[in-house]
Structure formats: structure tokens, C-alpha cells
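Accompanying notes for the structure given below.
Protein chains: 2
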Amino acid sequence: MKRIDAVFAALGDPTRRQILRLVTESAPVTATALADRLPITRQAVVKHLGVLQEAALVSAERVGRETHWTPTLAPLAHVDTWVDDVAARWDARLDRLTDVVSERRRAPR
Amino acid sequence: MKRIDAVFAALGDPTRRQILRLVTESAPVTATALADRLPITRQAVVKHLGVLQEAALVSAERVGRETHWTPTLAPLAHVDTWVDDVAARWDARLDRLTDVVSERRRAPR
DNA sequence: TCAATGTGCAACCGCTTGGTTGCACGTTGC
DNA sequence: GCAACGTGCAACCAAGCGGTTGCACATTGA
Chain A
524 MKRIDAVFAA LGDPTRRQIL RLVTESAPVT ATALADRLPI TRQAVVKHLG
574 VLQEAALVSA ERVGRETHWT PTLAPLAHVD TWVDDVAARW DARLDRLTDV
624 VSERRRAPR
Chain B
524 MKRIDAVFAA LGDPTRRQIL RLVTESAPVT ATALADRLPI TRQAVVKHLG
574 VLQEAALVSA ERVGRETHWT PTLAPLAHVD TWVDDVAARW DARLDRLTDV
624 VSERRRAPR
């Protein structure tokens, strides 16, 4: 799976977005601590963190018996890039349409 | 479902992102025409368009026996906003960490 | 008029996904 | 030493999702 696919898929779930937010707000944080602030099990949180990790949006570090999670938000740039790209294509098409219209105005059939 | 949830969920599927791209490139376009350029059925395309429409990323207009699809990319701004927000929170936390460090340097224990 | 075309609706299917529970294992601290 | 704690792994489950097929209906054009 391509990197950008993983990122968009990871952000596709609202719970996962909330977890990413919580991690950025209280990093380094543990899965158990996150579960305390969420209406789901620690195991569910761990699964979500796994998905986020595959998208390289968080990273884990084992410290003693705890696992500390930290955000690594660089991949979010891919999202911005993709959005900008689509928007740019659409803008370009609108410009071309405008050109056609003004061309017709200058040289009407 | 909140607007932003619908948008992220819609963009979560790679086929759907591709469809949105194709729509922006050749709007107004028909579901059948899109299916010709994709390895999936027209019905699958229609379903994807339905999801995109619920996220207000495309709009449909019936013209005779055809349905013309056009992109309405405004909701993409929500994505940018969310990304910027999370990134900003993280930046703020890093700044605060930096403050703590320099404070400790100024007045070491 | 009538065949061709584009569409919408509904049923169906396999697989993924978000979530849970149960349990075994390493770590910590009294 | 041993109980408490945090974690990881595995099995399981219902629901949703991406996709297909079949069919009926409206529109078009020769």
C-alpha cells in the first residue's frame, strides 16, 4: 500500500483522528492512558495506534513496562499536497473554460 | 454524521479519490463514462459518487437520460483546517517544551 | 414505433474493520 | 518474593463496505 493511501485510510476513522489529537496533546502517552479518556477498550486503542503507526503518523518507544507513543506528523504533508493538487487541477479547468468563453466573445460564430 | 467525518471517510478510499480526480478533470461527466476508465462496474462508481455526494464533494444534475457529475471541492478546506489544527497543537507543545528547557538552563537545579 | 442507451433500485456476497474478551508474559515496587 | 501493573497476542463477533448481477424504467434517435 502506498504511503498516501495509508495516511488517508488512517485518517478516515473519526476515533483514529481523535486519538491522533490526544497523542499530540499529551505525548509521550501510553495506550492505557489514552483508553482512560476514550469510550473504548485499551485493545481497540492499540489497534488504532497500529494503523496510525503504519501510516507513520505516530511512533512507539518501549520504556520499561510502558510503551510511549509520540506523533510524527510529517505524513500529513501528503494530505495537503493531494488536496492542493486536486484543487489546482479544477482551477486550471475553470481557467480553460474562461479562456474558451472569452475567446468566443472575441470571435463570435 | 458531521461534515468533516463524511469528508475524511469519503477520501479514505483510494478508488474514491481517483474518481474525484477524474470528475475534476472531465466534468461534467457521467457515471458510465467514469466506469469506462475504471476497472469496476458502473454500479460501483455510482455508489462511490453517492458517498462523495454525501460529503458534498460532488453534485449531480440530471440532463435528459444522463446524470452529469461535477466536483464541489469546498469541503476540502475542512481537511486543510483539521490538518493545520493538529499540526499547530503539536508545534505549540514543542514550543512549550523548548520554554521549559531554556528555563532550566537559565535556572539549573 | 421500437430498439438502443443511460440510469436507478434491490438483492446478494466475501472480506475487512472496529470492537470485545481472555490470557500469558515482562516490569515494577513494596 | 510476589502482587500489581502495563503490555502483547489471539480468537471471536457483528456490522459495514466495496463490489457484482439482475432487472425495470425513462429517454433518445433512426
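Protein chains in written order, with my numbering: chain A, 524 to 632; chain B, 524 to 632. For every residue, glycine included, the Cβ atom is placed at its ideal position computed from N, Cα and C.
Identified DSSP bridge partners for residue i
{"i": "residue 594 of chain B", "result": "B/581"}
{"i": "residue 552 of chain A", "result": "A/592"}
{"i": "residue 609 of chain B", "result": "BP columns for residue 609 of chain B are empty, so no partner."}
{"i": "residue 530 of chain B", "result": "DSSP lists no partner for residue 530 of chain B."}
Own chain residues within Cβ distance below 6 Å of residue i, not counting five before or after
{"i": "residue 547 of chain B", "result": "594"}
{"i": "residue 555 of chain A", "result": "565"}
{"i": "residue 551 of chain A", "result": "591 and 593"}
Residue-level contact to chain B via CB, residue i, 8 Å cutoff
{"i": "residue 562 of chain A", "result": "no"}
{"i": "residue 547 of chain A", "result": "yes"}
{"i": "residue 534 of chain A", "result": "yes"}
{"i": "residue 537 of chain A", "result": "yes"}
{"i": "residue 581 of chain A", "result": "no"}
{"i": "residue 543 of chain A", "result": "yes"}
{"i": "residue 596 of chain A", "result": "yes"}
Test: residue i CB closer than 8 Å to a CB of chain A
{"i": "residue 613 of chain B", "result": "yes"}
{"i": "residue 609 of chain B", "result": "yes"}
{"i": "residue 588 of chain B", "result": "no"}
Own chain, CB closer than 7 Å to residue i, minus 5 neighbours either side, in chain order
{"i": "residue 605 of chain A", "result": "527"}
{"i": "residue 589 of chain B", "result": "553"}
{"i": "residue 618 of chain B", "result": "none"}
{"i": "residue 615 of chain B", "result": "none"}
Cβ shell of residue i (< 8 Å), same chain only, five flanking positions each side left out
{"i": "residue 539 of chain B", "result": "533, 571, 574 and 575"}
{"i": "residue 581 of chain B", "result": "543, 546, 572, 575, 592, 593, 594 and 595"}
Assumed close pair residue i, residue j - CB separation to whole angstroms, cut-off 8 Å
{"i": "residue 610 of chain B", "j": "residue 599 of chain A", "result": "6 Å"}
{"i": "residue 561 of chain A", "j": "residue 569 of chain A", "result": "At roughly 12 Å, the Cβ-Cβ gap does not stay under 8 Å, so residue 561 of chain A and residue 569 of chain A are not in contact."}
{"i": "residue 531 of chain B", "j": "residue 602 of chain B", "result": "7 Å"}
{"i": "residue 597 of chain B", "j": "residue 529 of chain B", "result": "Not quite, the Cβ-Cβ distance comes to about 13 Å (not below 8 Å), so this is no contact."}
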